[in-house]
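In terms of numbering that gives the first Met the number 0, the sequence shown opens at residue 0 and continues consecutively.
Have a look at the structure below, then the notes.
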Amino acid sequence: MNTQLLHDDPQGIETAAAILRAGGLVAFGTETVYGLGADAGNDRAVSAIYTAKGRPGINPLISHFASADAAFTQVVATPLAHALAERFWPGPLTLVLPRAPACTISPIATAGLATAAVRVPAGRTIHALLAACGFPVVAPSANPSGGVSPSDAGHVLAGLDGRIDAVLDCGPCTVGVESTILDLGGARPVLLRPGGITLEMLEDACGMPITAMAGSDDARPSAPGQLSSHYAPGLPVRLDAQTVAADEALLAFGPELAGSGLVWNLSPRGDLHEAAARLFAGLRFLDMEGHRRGLVRIAVQHVPGHGLGRAIRDRLIRAASPRS
Ligand code: AMP
Ligand code: MG
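Structure (structure tokens):
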């Protein structure tokens, strides 16, 4: 398969929509990371995402909509869901809710669960694309399963060239980490994955403390694809480094440790927003260049666990966890 590179213009968006309507796969940029999109109601198209990514079938997908009204035709929305949508959509928040009786999302996309994950992403191009399609689009990150998420079109091609129909180049992603996933199906909201909307923001909006899902369980599909090894570069990752060896690459945050000749600083001034936006590009760069230079590991300086740091640390812990 020849993967087309489409430009962020009316013709590129129309071509992308036509491919999706025909059941094809198109990657596109959102504010979080690049997603690999397919028509959520088309079983064959949805299956093709799992094949292209090598994604385990137990790991359900998020459906993307042009508006909250469109999303809430597919799931049973509670008053809290409406309030959170009003406050945070379009934006990096995914809500898990019971499927509505009229839900048209393929059961393959929801891994047979009684719930569905829905989100209204931010960004002019993704909105134009969703509007042109007129149907929900499922979109996991546009990378081979288990690898580092893509934050520009080049990253997508590095992993999926020849396996998908097209990439719509929307430039670099502004948030840089995936959406926050909040399960609203139970009596109290549960944080399934930290992401671009912080826990502090959610607790403020909900007016109550939110429980974070404890640990991860690879065998439980309702545990949101939080497979413990994920976002994994080729080189091993060592967290919370206080020193760095000459044969290690350094992923720095704030003032850099001395000792490595290969450094990517997430944010020299210690800004968590800047660090999130530069995280996946940094892991990719250090992995590729570190390999080339014969380095053995990526050492990561401490990133604080509050605000967006919670999502950054979550991704780093998964990047460092033993590979399955
Ligand atoms: P990804 O698209 O790879 O960023 O992953 C999407 C995440 O949403 C995965 O971790 C999924 O497991 C999670 N997810 C999707 N649908 C559901 C659902 N119905 N219940 C719980 N988690 C879900
Ligand atoms: Mg992913």
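The C-beta atom is built at its ideal place from N, Cα and C for all residues, glycine as well.
Legend entry - Residue span of the beta strand (DSSP E) that contains Ile107, given as start and end: Within the sequence shown, residue 107 is the residue found at index 108, counting from 1. No beta strand (DSSP E) holds Ile107; DSSP gives it neither H nor E.
Legend entry - beta-carbon Pro139 near the ligand MG non-hydrogen atom, thresh 8 Å: In the sequence shown, the residue the question calls residue 139 occupies position 140. Checking every heavy atom of the ligand MG against the Cβ of Pro139, one is found closer than 8 Å.
Inset, instruction - May I have the straight-line CA-CA distance separating Gly184 from Val295, to the nearest angstrom? - result: In the sequence shown, counting from the first residue as 1, residue 184 sits at position 185. In the sequence shown, counting from the first residue as 1, residue 295 sits at position 296. Cα to Cα, Gly184 sits roughly 44 Å from Val295.
Inset, instruction - Quick one: using the 10 Å Cβ neighbour count with 16 as the cut-off for buried, is Arg312 buried or exposed? - result: Mapped onto the sequence shown, residue 312 falls at position 313. The residue in question, Arg312, is buried, as its Cβ has 16 or more Cβ neighbours within 10 Å.
Legend entry - Proximity of Asn142 and Pro149 at Cβ, strictly below 9 Å: Sequence index remark: in the sequence shown, residue 142 carries index 143 (1-based). Sequence index remark: in the sequence shown, residue 149 carries index 150 (1-based). Cβ distance < 9 Å, so Asn142 and Pro149 count as in contact.
Legend entry - Three-state secondary structure assigned by DSSP to Phe87: In the sequence shown, residue 87 corresponds to position 88, counting from 1. Three-state DSSP puts Phe87 in a helix.
Legend entry - Secondary structure of His6, DSSP reduced to three states: For the purposes of this step, residue 6 is taken as residue 7 along the sequence shown, with counting starting at 1. His6 carries a coil assignment under DSSP once its states are collapsed to helix, strand and coil.
Legend entry - Any 3 or more C-beta pairs closer than 8 Å across the stretch 240-247 and the stretch 294-310: yes
Inset, instruction - May I ask you to check if the CB of Val95 is nearer than 8 Å to at least one heavy atom of the ligand AMP? - result: The count along the sequence shown starts at 1 and reaches residue 95 at position 96. In this structure, Val95 has its beta carbon less than 8 Å from a heavy atom of the ligand AMP.
Inset, instruction - May I ask you to verify whether the stretch 3-13 touches the stretch 101-118, counting CB pairs closer than 8 Å and requiring at least 3? - result: no
Legend entry - Completely contained beta strand (DSSP E) runs for the stretch 39-77, where each covers 3 or more residues: 61-63
Inset, instruction - Flag Leu191 as yes when its Cβ comes closer than 8 Å to any non-hydrogen atom of the ligand AMP, and as no otherwise. - result: By 1-based counting over the sequence shown, the position of residue 191 is 192. True, at least one ligand heavy atom lies under 8 Å from that Cβ.
Legend entry - Unbroken stretches of the alpha helix (DSSP H), 4 residues or longer, contained in the stretch 124-183: Considered as a whole, the stretch 124-183 harbours 152-159 as its complete alpha helix (DSSP H) runs of no fewer than 4 residues, in chain order.
Inset, instruction - Note down the Cα distance separating Val176 from Gly306, rounded to an integer number of angstroms. - result: To locate residue 176, count along the sequence shown from 1; it is residue 177. To locate residue 306, count along the sequence shown from 1; it is residue 307. Whole-angstrom Cα-Cα distance: 13 Å.
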